[in-house]
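**Student:** The numbering used here numbers the first residue of the sequence shown as 18 and each following residue consecutively.
Mind looking over this structure? Questions follow.
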Amino acid sequence: MEEINFSQRVGAVLRRREFHRTFIIFLFVYYSLVYYFGELVDLAGWDALRWEFFYGVHDVHRIFFLIPIIYAGYVFRIKWALITTAAAFIVFLPRALLISPFADPALRVVLFTIVAGIMGTLTGMVRNESERRSQLEALIKSERDKFLGILERMEDGVLIVGPDYRIRFMNPSLIREFGDGTGSCCYEHLHNYDEPCDQVCKMQNVIGGATGRREYAFPDGRTYDVIASPFTDSDGEVCQLAIFRNITQRKKVETELIELNQLKSDLLSNVSHELRSPLTSIKGIVSSLLQKDIKLDDDTSEMLLTGISEETDRLASLVTNLLNMSRLEAGVWKPEKERCYITDIINEVLERQKWVQKKYTFEADLGPDLPEIYADYNQIRQVLINLVENAAAYSEEGTRITIEANTVDGMIEVSVSDQGVGIPEEDLDRIFDKFYRGSQNRKQPGGTGLGLAVCQSIILAHGGQIWAESEIGHGSTFHFKLPVEAPDDKRGLKK
Ligand code: ADP
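Okay, here's the thing in structure tokens:
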């Protein structure tokens with residue numbers, strides 16, 4: 018502790034200008050005395066000190082004066098180096114003009130004074146320059162610290178990468194998102210690459226002066242809008258400064274908007290086509306019926322009227338699905354659950370479909386003692402109607418459509434099977450998407466790709482599951498499962 022105090026005290030003394038001034042004067046007086054020491058010895062009669070050195074040419078003695086001159090240049094800079102040089106010149110003059118017995122004493126004095134003045138001035142200049150440089154460095158450092166302080170507090174992520182791709186700085190916001198990678202290579206830390214690649218690492222363009230903006234989508238789903246620009250670091254190296262703005266949320270909304278627009282145009286094109294075709298048929302049939310000059314027999318009239326009835330059913334089913342979908346989407350068609358029997362729903366649907374789809378054979382295979390379910394009767398009926406209508410739409414006339422119901426794992430499982438065209442494996446996951454229509458043709462025209470989407474929404478709102486199995490050319494089976502118990506009901510399955 019004391020040692021530190023002592024060295025601190027020495028440092029303080031050395032820093033004091035007064036000390037240096039006194040020391041320079043001391044040196045100057047000392048070397049002046051040495052310069053005239055021979056004359057002093059003569060005057061005082063100190064014969065023992067009559068050394069050769071004090072009586073020769075005084076060029077060497079003048080060199081001693083370089084010490085206070087350079088010292089003054091170092092400590093007090095150019096002005097005081099020149100003043101000390103001028104003082105030395107005055108000291109040299111009496112010897113040069115009055116005392117020296119040697120050749121050209123004045124010339125040598127002048128030459129020496131010029132050289133000493135230059136050396137003192139240079140010393141002052143070098144000192145000035147180095148001081149200016151260190152002040153500049155301190156200024157740059159403090160500006161950088163201030164700048165980094167601002168970057169630290171920024172909500173966007175900030176990254177500074179050197180020309181060697183090493184991360185020099187990450188602000189806390191970026192560290193929160195990617196972890197601290199200071200010192201490691203940016204392509205390794207951010208992208209898990211082994212080396213820089215052309216697609217992601219545009220560093221050389223940026224440090225070449227180009228400001229770049231690009232989007233980076235990371236495999237985990239995060240997307241960043243990155244603005245990269247050149248930045249000169251405190252060591253003078255041109256680096257890349259990149260601002261990372263997390264736009265994952267915005268991107269999601271954009272994608273949803275694009276999907277929504279796509280859905281809207283799908284809906285418009287599907288629906289307008291699907292509405293127009295039954296209307297055109299109805300209009301055609303009605304025009305034929307209205308033609309007074311053509312007499313229609315009973316069979317033809319019945320066929321035409323059946324046509325109108327079928328087309329009207331198609332329209333009704335289309336409008337129902339559209340309405341249901343929009344009510345489900347808007348959240349206004351919530352299930353109004355009640356205790357009811359699935360067998361009642363199945364029987365009602367079968368009765369109606371046997372009448373509508375006269376050319377199909379309907380079968381029901383219902384397990385014994387099926388329990389009550391807690392569900393919206395109308396919604397579950399709509400699910401069954403959609404599935405049965407699809408079964409008929411994608412099967413040949415005369416084939417069989419079977420509805421089964423059983424209790425499986427404490428839930429009611431209902432299946433609707435047909436012997437129709439089947440569904441390709443790759444379509445099985447997508448057929449429940451809105452407006453998705455498979456590649457195989459419906460037997461009758463029509464369809465919007467909404468029927469199964471409605472079914473799925475209803476079943477999910479009941480806490481159930483829906484899925485399909487199929488074999489191309491042999492038929493399809495649609496299954497759905499419904500929970501039996503109400504959330505507050507402990508009665509469970511009837512045994
Ligand atoms: P669509 O109005 O096209 O029938 P859905 O949502 O009801 O719309 O069905 C979506 C797609 O699923 C249909 O386009 C069809 O490719 C396929 N699909 C549905 N049910 C069956 C079925 N029983 N047999 C074969 N394919 C079916």
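Backbone N, C-alpha and C define an ideal beta-carbon position, used for all residues, glycine too.
In this text the structure is predicted, and so the values were computed from the model without any measurement.
(1) Tell me which residue opens and which closes the alpha helix (DSSP H) that F497 is part of.
(2) Any heavy atom of the ligand ADP closer than 6 Å to the CB of N341?
(3) DSSP three-state label for V217, please.
(4) Straight-line CA distance for K371 to K309?
(5) Let me know the secondary structure DSSP gives S246 once reduced to three states.
(6) Mind checking which residues open and close the alpha helix (DSSP H) that includes A410?
(7) Sorry if obvious, but does the Cβ on N407 come closer than 6 Å to a heavy atom of the ligand ADP?
(8) For the region 128-143 against the region 79-91, do three or more pairs of beta-carbon atoms, one drawn from each stretch, fall closer than 8 Å, so that the two count as touching?
(9) Would you check if the region 331-348 and the region 370-386 touch, i.e. whether three or more CB-CB distances between them fall below 8 Å?
(10) With distances taken from CA atoms, which of G324, S286 and D283 is nearest I302?
(11) Given this structure, state the Cα-to-Cα distance separating T494 from E486, to the nearest angstrom.
(12) Going by beta-carbon coordinates alone, are G174 and S190 separated by less than 7 Å?
(13) Do you know how far the Cα of I476 is from the Cα of K507?
(14) Which same chain residues, not among the five before or five after G509, have their C-beta less than 6 Å away from its C-beta?
(15) Out of curiosity, what's the CA-to-CA distance linking Y182 and E212?
(16) Check whether the Cβ atoms of S49 and V108 sit closer than 7 Å, and answer yes or no.
(17) Is I448 close to the ligand ADP? I mean its beta-carbon at under 6 Å from any heavy atom of the ligand.
(18) In chain order, what residues of the same chain lie with their CB nearer than 8 Å to the CB of L280, ignoring the 5 residues before and after it?
(19) How is the beta strand (DSSP E) around A61 delimited, first residue to last?
(20) Hey, V217 and Q257: beta-carbon distance below 7 Å or not?
(21) Could you say which of C472, E488 and L404 lies nearest to G481 if we only look at CA atoms?
(22) Does DSSP classify G226 as helix, strand or coil?
(23) Could you give the residue range of the alpha helix (DSSP H) that holds G9?
(24) Evaluate L168 with the Cβ neighbour count: other Cβ atoms within 10 Å of its Cβ, from every protein chain shown; 16 or more gives buried, anything less gives exposed.
(25) Work out the CA separation of I420 and I429 for me, nearest whole Å.
(26) Measure the C-alpha to C-alpha separation of L285 and C214 and round it to an integer number of angstroms.
(27) Under the three-state reduction of DSSP, which class applies to N263: helix, strand or coil?
(28) What distance in whole Å lies between the Cβ atoms of I87 and M142, which are believed to be in contact at a cut-off of 8 Å?
(29) Cutting at 8 Å between CB atoms, please list the residues of its own chain near S305, excluding the five before and the five after it.
(30) Once DSSP output is grouped into helix, strand and coil, what is the label at A120?
(31) Is it a yes or a no for the region 284-299 touching the region 248-262, going by three-plus beta-carbon pairs under 8 Å?
(32) Return the residue from the list L469, L114 and V92 that minimises the CA-CA distance to K405.
(33) Could you check the C-alpha separation between K511 and E273 for me, to the nearest Å?
(34) Can you determine whether any heavy atom of the ligand SAH sits closer than 6 Å to the C-beta of I476, and answer yes or no?
(35) Counting Cβ pairs closer than 8 Å, one from the region 261-271 and one from the region 234-242, do we hit at least three?
**Tutor:** If we stick to the structure as given:
(1) Against the sequence shown, residue 497 aligns to sequence position 480. Element bounds for F497: not the alpha helix (DSSP H) but the beta strand (DSSP E), G492 to P500.
(2) As a working mapping, residue 341 is identified with position 324 in the sequence shown. No, the ligand ADP has no heavy atom inside 6 Å of this Cβ.
(3) Within the sequence shown, the letter at position 200 stands for residue 217. In this structure, V217 counts as coil in the three-state DSSP scheme.
(4) Walking along the sequence shown from the start, residue 371 turns up at place 354. Walking along the sequence shown from the start, residue 309 turns up at place 292. Going by the C-alpha atoms only, they are around 35 Å apart.
(5) Residue 246 sits at position 229 when you count from the first residue of the sequence shown. S246 falls in the strand class under three-state DSSP.
(6) In the sequence shown, counting from the first residue as 1, residue 410 sits at position 393. Per DSSP, A410 belongs to the alpha helix (DSSP H) from Y394 to A410.
(7) Locating residue 407 in the sequence shown gives position 390, counting from the first residue. Taking 6 Å as the cut-off, one finds at least one heavy atom of the ligand ADP near enough to the beta carbon of N407.
(8) Touching, per the Cβ criterion.
(9) As far as the Cβ criterion goes, the region 370-386 does not touch the region 331-348, which means the pair count is below three.
(10) Within the sequence shown, numbered from 1, the residue matching residue 302 stands at position 285. The shortest C-alpha separation from I302 is found at G324.
(11) Taking the sequence shown and counting its residues from 1, one reaches residue 494 at position 477. Taking the sequence shown and counting its residues from 1, one reaches residue 486 at position 469. CA-to-CA, the gap between T494 and E486 works out to about 5 Å.
(12) Start at 1 with the first residue of the sequence shown, and residue 174 comes out as number 157. Start at 1 with the first residue of the sequence shown, and residue 190 comes out as number 173. Note that the C-beta distance between G174 and S190 is below 7 Å.
(13) The residue given as residue 507 occupies position 490 in the sequence shown. The residue given as residue 476 occupies position 459 in the sequence shown. Any answer about K507 is weak, because its pLDDT of 46 lies below 50 and its placement is not dependable; what the coordinates show is given next. Counting only the Cα atoms, I476 lies some 22 Å from K507.
(14) For the purposes of this step, residue 509 is taken as the residue at position 492 of the sequence shown. Since pLDDT at G509 reaches only 41, below the 50 mark, its modelled position is unreliable, and the value read off the structure follows with that caveat. Here the set comprises E502.
(15) In the sequence shown, counting from the first residue as 1, residue 182 sits at position 165. In the sequence shown, counting from the first residue as 1, residue 212 sits at position 195. Y182 and E212: Cα-Cα distance of roughly 10 Å.
(16) As a first step, residue 49 is located in the sequence shown; it is residue number 32 there, counting from the start. As a first step, residue 108 is located in the sequence shown; it is residue number 91 there, counting from the start. Taking 7 Å as the Cβ cut-off, S49 and V108 qualify as a contacting pair.
(17) Translated into the one-based positions of the sequence shown, residue 448 becomes position 431. Under cutoff, so the answer is yes.
(18) Numbered from 1 along the sequence shown, position 263 holds the residue referred to as residue 280. If we look at L280 and ignore the five residues flanking it on each side, its Cβ neighbours are K451 and F452.
(19) Translated into the one-based positions of the sequence shown, residue 61 becomes position 44. In the DSSP assignment, A61 falls outside any beta strand (DSSP E) and lies within the alpha helix (DSSP H) extending over F54 to A61.
(20) Working through the sequence shown from its first residue, we reach residue 217 at position 200. Working through the sequence shown from its first residue, we reach residue 257 at position 240. Taking the C-beta atoms as reference points, Q257 is found no nearer than 7 Å to V217.
(21) Within the sequence shown, residue 481 is the residue found at index 464, counting from 1. The alpha carbon of G481 has as its nearest neighbour, out of C472, E488 and L404, the alpha carbon of C472.
(22) Translated into the one-based positions of the sequence shown, residue 226 becomes position 209. Correct three-state label for G226: coil.
(23) An answer regarding residue 9 cannot be provided, because it is not within the stretch 18 to 512 covered by the chain.
(24) Position 151 of the sequence shown, counted from the first residue, corresponds to residue 168. Residue burial annotation: L168 is buried, with at least 16 other C-beta atoms found within 10 angstroms of its C-beta.
(25) If you number the sequence shown from 1, residue 429 lands on position 412. If you number the sequence shown from 1, residue 420 lands on position 403. Whole-angstrom Cα-Cα distance: 13 Å.
(26) By 1-based counting over the sequence shown, the position of residue 285 is 268. By 1-based counting over the sequence shown, the position of residue 214 is 197. Going from the Cα of L285 to the Cα of C214 covers about 44 Å.
(27) Reading the sequence shown from its first residue, position 246 is the one you call residue 263. Strand at N263.
(28) Here residue 142 corresponds to residue number 125 of the sequence shown, with the count starting at 1. Here residue 87 corresponds to residue number 70 of the sequence shown, with the count starting at 1. About 12 Å separates the two Cβ atoms, so there is no contact after all.
(29) As a first step, residue 305 is located in the sequence shown; it is residue number 288 there, counting from the start. Answer for S305: I311, L313 and L321, listed in chain order.
(30) The residue you call residue 120 lines up with position 103 of the sequence shown. Judged by DSSP in its simplified three-state form, A120 adopts coil rather than helix or strand.
(31) The region 284-299 makes no contact with the region 248-262: fewer than 3 CB pairs, one atom from each, lie closer than 8 Å.
(32) Counted from its first residue, the sequence shown places residue 405 at position 388. The question names Lys, but residue 405 is Val in the sequence shown. The shortest C-alpha separation from V405 is found at L469.
(33) To locate residue 511, count along the sequence shown from 1; it is residue 494. To locate residue 273, count along the sequence shown from 1; it is residue 256. Confidence at K511 is low in this model, with a pLDDT of 39, below 50, so the placement of that residue should be treated as unreliable; the coordinate-derived value is given next. Cα to Cα, K511 sits roughly 45 Å from E273.
(34) Because the ligand SAH does not appear in the structure shown, any question about it cannot be addressed here, the ligands present being the ligand ADP.
(35) Proximity of the region 261-271 to the region 234-242 meets the contact definition, three or more beta-carbon pairs being nearer than 8 Å.
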